[in-house]
Amino acid sequence: MATYQDALAVLRRHGQEHLLGFCGELPAQGRQGLLEQIQSIDFDQLDRLIPTHVLSSPAPQLPREIVPAPVLPAAPRDPAAQAAYAQARRRGREAIAAGRVAALVVAGGDGTRLGFAGPKGSLPVTPVRRKTLFQVFAEGLLACRRFYGGNVPWYIMTSPANDAATREFFARNKFFGLPAEDVFFFAQGRMPALGRDGKILLADKGLIAWNPDGHGGSVTALRRSGALDDMARRQIEVISYFQVDNPLVHCVDPLFVGLHLEAGAEMSAKALPKRDPLEKLGNFCLVDGKATVIEYSDLPEELARATRPDGTLKFSAGSIAIHLFSRGFLEKLTAGGECRLPFHRALKKAPCLAPTGVRIQPDQPNAVKLEMFVFDALPLAKETVILETLRDEEFSPVKNSTGEDSLATCLHDQVRRAARWLENAGLRLPRDAAGQPAAAVEISPLAALEADDLIGKIHPERIQAGQELYLE
Ligand code: UTP
């Protein structure tokens, strides 16, 4: 058990003794709680990060030569490649059917931009039934059993702040029909928020201002929580990683899994052709022969705008945070107990206590948040596959409360994709003057995981403008 004297000695060594400034005002339990929080901080790590990431901001360490990473096309034209894709799809299906593939959703974070009260995964998102993000993914995984015959266990990364609410949400909804023993919750790690002067902030007299440690924290959290051991017991080979904010994601994609297995890859990624040179997506590059994601803010503008002789963007492949990991790779990364990916800094507004004990509600960013990004594991992989996917098919995240990447844009994108799938299967849909679907259509993953799953299952009737259609 942590004692006051021990904590004070540690804090003095690291110039953070203000954390105990209000300790005398706390009841015994609150005091003990604060001492335990202090004990959980890695001060040596903070001492290394504060000069470079808090008191100054690290200049992007760009290599001299950056070239675009090779990307496999979404649909190859070459017959040999088409045959290879067909083989990969078979192999992926076999792996899913054999129970060798797990799903991993990162559902922690702060969700500051969306501002939704509750775990982001409990946000209702679908156009007709208003299903939540978690329900959409649960149905996707149930559908994997239905379509491919395999059991896909689901690992859900929460944040320390939304862990209890997420578990409660699943229990209340009876796990959306999934066997409870196939759903594994684990919380990501946390980092203290720091003032611009490098001092750790207090959220309250007995509470440090904590931040989740970024989606890159998932690698260590999988190890520490026992999730990796659970995967080993289940003989999982491939882990399909996605973000909680994108209801269009194909949670487990047989082609992607198959290509990853055929290549003997350790980590793979899906890529989108960027909409414009400066779109805020990480760029897939090759650095020293290793696939690497360079953040949009770090890629020099002349490179971002560079074109090929045919006029297309040279660095066109953007990262959308859909990955595959081999279990062996995650085990290797965490062999020492944790995986230290580089930290990135972000400025944020963090309500906190002033040294006088007065509460501060900042209207400007006052704190530095330190987080790890999962794509930084990519260059550590021996072999990688980067597969292009289509934006309309697989990417429409809900990040903001209004405007771009909001619920409104995501609803449109869901309806547009469902309409395309229905028309592909022979249904005639009304369109408005702008050519957009004029009926609200929603397809449960239980009805179709991809467009071709609907072929032969739809009566080619005409539905009327303004009607709703839901398929399960
Ligand atoms: P974002 O980068 O959109 O961050 O996360 P966020 O915390 O959800 O939202 P903002 O930036 O505060 O508005 C991308 C994905 O990574 C997960 C999120 O749940 C989302 O699925 N994530 C992010 C975590 O699981 N943990 C984190 O620490 C950060």
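If you count the sequence shown from 1, you need to add 66 to reach the working numbering. From the three backbone atoms N, C-alpha and C, an ideal C-beta is built for every residue, glycine too.
Nearest-angstrom beta carbon gap, residue j and residue i [assumed within contact, 8 Å]
i      : j      : result
Thr192 : Gln480 : 6 Å
Ala73  : Leu86  : 7 Å
Leu535 : Ala505 : 6 Å
Ala370 : Pro343 : 5 Å
Pro219 : Ala168 : 5 Å
Glu404 : Ala154 : With a Cβ gap of about 33 Å, Glu404 and Ala154 do not count as contacting.
Ala230 : Gly255 : That belief does not hold up - the Cβ atoms of Ala230 and Gly255 are roughly 17 Å apart, past 8 Å.
Glu446 : Leu399 : The residue asked about is misnamed: residue 446 is Leu in this sequence, not Glu. Leu446 to Leu399, Cβ: 7 Å. Contact.
Ala68  : Gln127 : With a Cβ gap of about 37 Å, Ala68 and Gln127 do not count as contacting.
Ser385 : Gly348 : 4 Å
8 Å Cβ shell around residue i - same chain, five flanking residues per side excluded
i      : result
Glu489 : Leu495
Pro431 : Leu413, Lys414 and Lys415
Leu512 : Glu205, Leu208, Ala209, Arg212 and Glu538
Ile452 : Ala135, Pro136, Val137, Leu138, Ser334, Ala335, Lys336, Ala337, Phe350, Ala357 and Ala383
Val194 : Ala506, Val507, Glu508, Glu534, Leu535 and Tyr536
Assigned secondary structure, residue i (DSSP; H/G/I helix, E/B strand, else coil)
i      : result
Gln480 : helix
Ile107 : coil
Asn228 : coil
Ile302 : coil
Ala204 : helix
Ser123 : coil
Ala524 : Just to set this straight, residue 524 is Ile in the shown sequence, not Ala. Correct three-state label for Ile524: coil.
Glu8   : An answer regarding residue 8 cannot be provided, because it is not within the stretch 67 to 538 covered by the chain.
Phe409 : strand
Gly348 : strand
Tyr362 : coil
Ile116 : helix
Leu537 : strand
Thr373 : strand
Arg286 : According to the sequence as given, residue 286 is Thr; it is not Arg. Three-state DSSP puts Thr286 in a helix.
Residues near residue i by beta carbon distance below 6 Å, same chain, minus five either side
i      : result
Arg97  : Cys89
Met257 : Asn277, Asp279 and Leu436
Pro408 : Asp442
Pro417 : Gln427
Lys346 : Tyr362
Spatially closest choice to residue i from the options, by CA coordinates
i      : options                           : result
Ile521 : Asp263, Leu493, Gln533 and Glu404 : Leu493
Asp63  : Asp270, Glu527, Trp487 and Gly243 : Nothing in the structure corresponds to residue 63, since the chain is present only between 67 and 538.
Ser392 : Val304, Val451 and Ala420         : Val304
Ala420 : Thr118, Asp263 and Gln254         : Asp263
Arg406 : Ala443, Val464, Gln502 and Asp229 : Ala443
Cys317 : Glu459, Leu112, Ala152 and Ala125 : Glu459
Glu454 : Leu101, Ala298 and Pro142         : Pro142
Ser284 : Gly272, Gln301 and Ser306         : Ser306
Gly177 : Ala485, Ile107, Ala227 and Arg196 : Ala227
Phe461 : His410, Lys380, Met297 and Arg341 : Arg341
Phe235 : Thr198, Leu268 and Arg482         : Thr198
Beta bridge counterpart(s) of residue i as assigned by DSSP
i      : result
Val353 : Lys356
Leu138 : Leu453
Cys418 : Ile426
Asp72  : BP columns for Asp72 are empty, so no partner.
Chain-order list of residues whose beta-carbon lies under 7 Å from that of residue i (same chain, five-residue window excluded)
i      : result
Lys448 : Glu332
Glu83  : Leu74 and Leu77
Leu180 : Lys186, Val464, Lys465, Asn466 and Ser467
Glu367 : none
Ile266 : Gln82, Leu85, Pro258, Leu260 and Ile274
Asp270 : Leu419
Ala161 : Val167, Glu303, Val304, Val323 and Leu327
Val133 : Cys351 and Leu352
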